[in-house]
Every structure is written in C-alpha cells, then in structure tokens.
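Numbering (the numbering used here), first residue to last: 10 to 158.
Even glycine gets a Cβ: it sits at the ideal position worked out from N, Cα and C.
Here is the structure we will look at, set down as structure tokens.
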C-alpha cells in the first residue's frame, strides 16, 4: 500500500493459520483495503494478474503476492520438507489462493530487488548490512546502474 483517496477504508485482517503466518515469514496480518476509490500499491518488477474461476486454485510464494479480491479465499499451506528448504532454496509455506476473483502478483520480491541493487553497486562484498547506509547503497547502486544505460 502506498496511498489512496478518502473513499478508501484501510484495516487489518488476521489470517486463518496463525502458526503458518508466523513461521512462513509473512506475519499474521493482511492489510485490507476497501472502497470505491483509487489505491496506489507498491510492487517490484512486472505485475501479473490472474482472474481465477470459482474453485480454481493458485499456489504462490507469499513474497510475490500483491493484492487479491475479497472473493478470493486466502490460506497458507505447508509444502515439502526440510530437503525442499535446504536443497531447493524454497520456503516451507505457499499462499493458496482459491477463486473466484482477481489475484495480482509481482515478478520480483524485496530480496530480489535488494540483490539486484547490490550487484549494480559492485557486488555483495561492497554492501553494508546495517543501519541507514545499507538502503542508500542499494538505491545509489540502482541509480548508477540506470545512468550507465
């Protein structure tokens, strides 16, 4: 969420499986945005929109989820085991979206964007991992990378 006009109500919604939310890394709350007005959302990369039919299911890494209609059922499910996490590099939890309704995904995650910024700044060895300087280094790296084009 970035901003909205005055006709939008903003609230919080608790997810069904609190344990999965905590261990899945996305928390137990979803930001709920309702109303007839305009909303600006923050996302990284390309936006991908799915229009799910009734009963159609989409399983997605929770970090790629941007928004979904209130008609879409949102749940968190555990996938794989320790081997999947260690050798596959994937998390243990996926968002399970069941239609009907619209689901909007982002092609990049915060981690992917951060890694991209560090590469433009000269690689992970030059990145600082603490304090306010880390964000400035990443933004500076992205801007330098754009200026070279």
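Let me know the secondary structure DSSP gives residue i once reduced to three states.
i	result
residue 136	Annotation note: pLDDT 41 at residue 136 (below 50); position unreliable, no value reported.
residue 120	helix
residue 24	coil
residue 13	strand
residue 80	coil
Nearest to residue i by CA position, among the options, is which residue?
i	options	result
residue 110	67, 73 and 48	67
residue 121	20, 88, 112 and 73	73
residue 106	55, 77 and 49	77
residue 54	102, 37 and 75	75
Given this structure, state the Cα-to-Cα distance separating residue i from residue j, to the nearest angstrom.
i	j	result
residue 40	residue 22	6 Å
residue 59	residue 52	16 Å
residue 10	residue 63	27 Å
residue 71	residue 84	10 Å
residue 13	residue 86	31 Å
residue 82	residue 108	7 Å
residue 65	residue 117	24 Å
residue 56	residue 119	14 Å
residue 88	residue 46	37 Å
Taking 8 Å as the cut-off, decide whether the C-beta atoms of residue i and residue j are in contact.
i	j	result
residue 44	residue 80	no
residue 42	residue 24	no
residue 104	residue 48	no
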